[in-house]
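Q: According to the numbering used here, the first sequence is numbered sequentially starting from 102.
We treat Cβ as the ideally placed atom computed from N, Cα and C, and that holds for glycine.
What follows is a structure written as structure tokens; I'll ask about it next.
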Amino acid sequence: MENKDIKRYTVTTALPYANGPVHIGHLAGVYVPADIYVRYLRANHRDVAFIGGSDEHGVPITIKARKEGLSPQNIVDRYHNIIKKSFEDFGISFDIYSRTSSETHHKTASEFFKKLYDEDKFIVKTNEQYYDADNKMFLADRYITGTCPHCGFEKAYGDQCESCGTSLSATDLINPKSAVSGNVPVMKETKHWYLPLDKYEPWLKEWIIDGHKNDWRPNVYGQCKSWIDSGLHPRAVTRDLDWGVKVPIEDAEGKVLYVWFDAPIGYISATKELTPDWEKYWKSKDTKLVHFIGKDNIVFHCIIFPTMLKAEGSYILPDNVPSNEFLNLEGDKISTSRNWAVWLHEYLEEFPDKQDVLRYVLTANAPETKDNDFTWKDFQTRNNSELVAILGNFVNRALVLTKKYFDGHIPLRGELTDFDKTTLEEIKTFPLRISSALETYHFREGLRELMNLARLGNKYLADTEPWKVWKTDPKRVETILNISLQIVANLSILGNPFLPFSMDKLRKMINFDIIDWNKSGDLDLLEEGHKLNKPSLLFDQIDDKAIENQINKLMETKKANILSEAKAKPAKPNIEFDDFAKMDIRTGTILEAEKVTKTKKLLKFLIDTGIDKRTVVSGIAEYYKPEELIGKQVSIIVNLAPKKLRGIESRGMILMAEDADGKLVFVAPVSDVKNGSEVK
RNA sequence: GGCGAGGUAGCUCAGUUGGUUAGAGCGCAUGAUUCAUAAUCAUGAGGUCGGCAGUUCAACCCUGCCUCUCGCUACCA
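Given below as structure tokens:
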């Protein structure tokens, strides 16, 4: 578990993409656990570099910039600043929060690429891609639009059709156009460099499958194993684009490093900006590298980036990649585009000075083993019945009693009862209970143990009843409160990684400034006669009103989303009658229907079209059972070019209407007509 | 369809190289208590550990099949 040879730590957090602000999903998955871990390490005098930064390259940012008539730099500046500020205000204690548009990063990423290039670690492939001759640029992904080959949507992108959701390749599009000029693009050869992941397969097997079977989380390990087992392929590391890190070699005009290649190098660049002595954090065997990420990033951080580091040769590899699952919000997936999220910068405004409440809730309910749900009701309950009632209340009781009886001075601990002794012994066990949870990335459990210490305090007070004893034996009360206050002091140390703002406040109240983890478990942290400052409440109740406001806000979002989803898509451009007349739509009857094996969506039909009996394959298996369709009359395009699907030749297409939720409904004659009737 | 992760009390989760009464917190009920932000403390109710088979003296834990959720992937004429 705890490796004694470890001298220092490099802890990184996934780089948030600078095209939007940060929400609670990011926090719960990555930043809060990483921050707890780092604060814990620092309290143990470990040498830590805590690295974060914004990921600012890639096509989506350039598209957003174009849409808003701004430069990509404008866009990333905007979001980088929002994100950076909100992390600061939230107490994510980065040693540096940098960005990939920085000069240092460009230089670092270039050199990294150059070294692999010089050492012949890449393979080169040439293929044909669309090219806009006027603007002299290759059209990657979203820079090309055209008609979707299967839903007919005219504004499909080169990587995906937003109408039917299919992922496409640019060459699939019908009537492709450049999104930049509107011109018809030409095919032109382009050269790209690939990282041959396949060559590293044996090494990855040894390193991950054999080497990290027991210390990586099951979700991380399983995901890696799945990738490796299914066979790795060379992956392009360059792109034809003008926003990003220029490919630093001749013959690479207009090419940049692909974002996934440059982004993780950002961890290294940021460390360079942090300290000239950066190499010890990345190249020294006695440094432990830990990547905190969400589950969407597992492949990059466990397979691709390590392969890059391995290929480069001089870097250490991650010791662990604690990846969380996803956090849902009120039962639905968090979605930036649907505005279904609790945004950090808004939370900070609406709940001022309540950073720790959110940190607490997100940790107590962290998606460590499976997706979890964040609800405002739970947020309120955890605040009111855990933070306020258990932790805040215990501290308040101890401090108020001390003020009342001893004017805020720590009383003498006199003769101990057996109960005192067992309580003191138990206090001593908490540092190890919490640290062994944190060392193994079990943050939820660590926090639970912290609360158990506060529970122990409450129980101690309830059992010893100092407010009663005071009347008969004030000496005894001195001992009771001394012990209670030692618990308070211990809480302030042990709670600091989780609740830094509140523990800071607590330390001021008890006039105490130690956060050294090694001092925790000590039973004389507060010495006799030590003067406490005036107590105040650590946490406040959150009332129903505040929760209702948040829930209403989400309801509004939901309404707005339903409205916009219900809106019909705008009509496509007019066509000539001749274009319509080319389509031959007939009525037909389903004679046979069966599921295509090994597919989720495909049904295979035999249809009597009046003209003939033919096989048609259709992707509706999610909505209809084959047996209930036999005998049903449908509309079918009979002169669509045949297409092989899963080895079955489909001759025609059944007409379906798609509802807002994606459900497909037959478009068919309302009463039976003879098969082969023309639809016109 | 393939692969991965998960399915344990109303909710959120622990758990065991398989061992005899399955745990915690929150919520709920009852009682105690008043120092404390109506907070606390005790006690209790509540679970056929997703389903069915199998291996075993013994399975929540191992094996097989099935089922549901999430993710990746294939697929949607």
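(1) Can you check whether the CB of residue 135 is closer than 8 Å to the CB of residue 196?
(2) Could you tell me whether the Cβ atoms of residue 751 and residue 717 are closer together than 8 Å?
(3) From the DSSP secondary-structure annotation, give me the bridge partner or partners of residue 510.
(4) Would residue 429 and residue 512 be called neighbours here (beta carbons separated by less than 8 Å)?
(5) Decide yes or no for the touch test of the region 391–407 against the region 109–117: beta carbon pairs closer than 8 Å, at least 3 of them.
(6) Find the nearest neighbour of residue 230 within the set 277, 198, 205, judged by alpha-carbon distance.
(7) Do residue 778 and residue 756 have their C-beta atoms within less than 8 Å of each other?
(8) Taking residue 48 as part of the alpha helix (DSSP H), name the residues at either end of that continuous run.
(9) Quick check on the DSSP output: the alpha helix (DSSP H) that includes residue 322 runs from which residue to which?
(10) Could you check how far apart the C-beta atoms of residue 808 and residue 607 are, in whole angstroms? I think they sit under 8 Å.
(11) Can you grab the Cα-Cα spacing for the pair residue 203 / residue 743, in whole Å?
(12) Taking only runs that begin and end inside the region 418–504, name each unbroken alpha helix (DSSP H) of 4 or more residues, in chain order.
(13) Can the beta-carbon of residue 498 be found closer than 8 Å to that of residue 410?
(14) Can you name the residues that DSSP bridges to residue 198?
(15) Output needed for residue 128: all residues of its chain with C-beta closer than 6 Å, excluding positions within five of it in sequence on either side, in chain order.
(16) So if DSSP puts residue 341 in a beta bridge, which residue, or which two residues, is it bridged to?
(17) Would you mind giving the Cβ-Cβ distance between residue 210 and residue 346, rounded to the nearest angstrom? I have them listed as a contact below 8 Å.
(18) With a threshold of 6 Å on Cβ separation, who are the neighbours of residue 525 within its own chain once the five nearest residues in sequence on each side are excluded?
(19) Return the first residue and the last residue of the alpha helix (DSSP H) that residue 408 is part of.
(20) For a quick check, are the C-beta atoms of residue 141 and residue 539 less than 8 Å apart?
(21) To the nearest angstrom, how far is it from the Cα of residue 453 to the Cα of residue 395?
(22) Three or more C-beta pairs closer than 8 Å, one from the region 643–651 and one from the region 169–186: is that the case here?
(23) On the premise that residue 732 lies in contact with residue 711, defined as a C-beta separation below 8 Å, what is that separation, rounded to the nearest angstrom?
(24) Where residue 159 and residue 168 are concerned, what is the direct C-alpha to C-alpha distance, given to the nearest angstrom?
(25) On the premise that residue 444 lies in contact with residue 124, defined as a C-beta separation below 8 Å, what is that separation, rounded to the nearest angstrom?
(26) Just checking, does the region 536–552 make contact with the region 589–600 on the three C-beta pairs under 8 Å criterion?
(27) Among 640, 477, 532, 507, which has the Cα closest to the Cα of residue 492?
(28) Apart from the five residues just before and just after residue 107, which ones in its own chain have a Cβ nearer than 7 Å to its Cβ?
(29) Which term fits residue 772, buried or exposed, when burial requires 16 or more other beta carbons within 10 angstroms of its beta carbon?
(30) How would you label residue 536, buried or exposed, when you count the other beta carbons within 10 angstroms and need 16 or more for buried?
(31) Given residue 419, which residues of its chain have a CB within under 6 Å of its CB, disregarding the five upstream and five downstream residues?
(32) With DSSP as the reference, identify every bridge partner of residue 294, one or two as the case may be.
(33) Where does residue 124 fall in DSSP's three states?
(34) Going by beta carbon distance, what residues of the same chain come within less than 6 Å of residue 266, once the five residues before and after it are set aside?
(35) Check residue 758 in the structure and name its three-state DSSP category.
(36) Does residue 222 pass the burial test, meaning 16 or more other C-beta atoms within 10 Å, or should it be called exposed?
A: Checking against the coordinates, here is how it stands:
(1) no
(2) Remark: C-beta atoms of residue 751 and residue 717 approach each other more closely than 8 Å.
(3) 632
(4) no
(5) yes
(6) Nearest of 277, 198, 205 to residue 230, Cα basis: 277.
(7) no
(8) The structure shown does not extend to residue 48, since the chain is modelled only from 102 through 781, so no value can be given for it.
(9) Counting along the chain, the alpha helix (DSSP H) containing residue 322 begins and ends at 319–330.
(10) The question about residue 808 has no answer here: the residues shown for the chain are numbered 102 through 781.
(11) 52 Å
(12) Listed in chain order, they are 445–451, 456–465, 477–483.
(13) no
(14) 153
(15) 463
(16) Residue 341 pairs with 356.
(17) 4 Å
(18) Only 624 meet the Cβ criterion.
(19) 406–413
(20) yes
(21) 27 Å
(22) no
(23) Under the criterion of beta carbons closer than 8 Å, residue 711 and residue 732 do not qualify as touching, at roughly 15 Å.
(24) 15 Å
(25) 5 Å
(26) The answer is yes - the region 589–600 touches the region 536–552, with three or more Cβ pairs under 8 Å.
(27) 640
(28) By the criterion of a C-beta distance shorter than 7 Å, residue 107 is surrounded in its chain by 387, 389, once the five residues flanking it on both sides are discounted.
(29) exposed
(30) buried
(31) Shown here for residue 419: same chain residues with a beta carbon closer than 6 Å to its own, the five before and five after excluded, namely 390, 392 in chain order.
(32) DSSP output for residue 294 lists 225 as bridge partner(s).
(33) Residue state, collapsed to three classes: strand.
(34) Confidence at residue 266 is low in this model, with a pLDDT of 47, below 50, so its placement is unreliable and no value can be given for it.
(35) strand
(36) Looking at its Cβ environment, which holds 16 or more other Cβ atoms inside 10 Å, residue 222 is buried.
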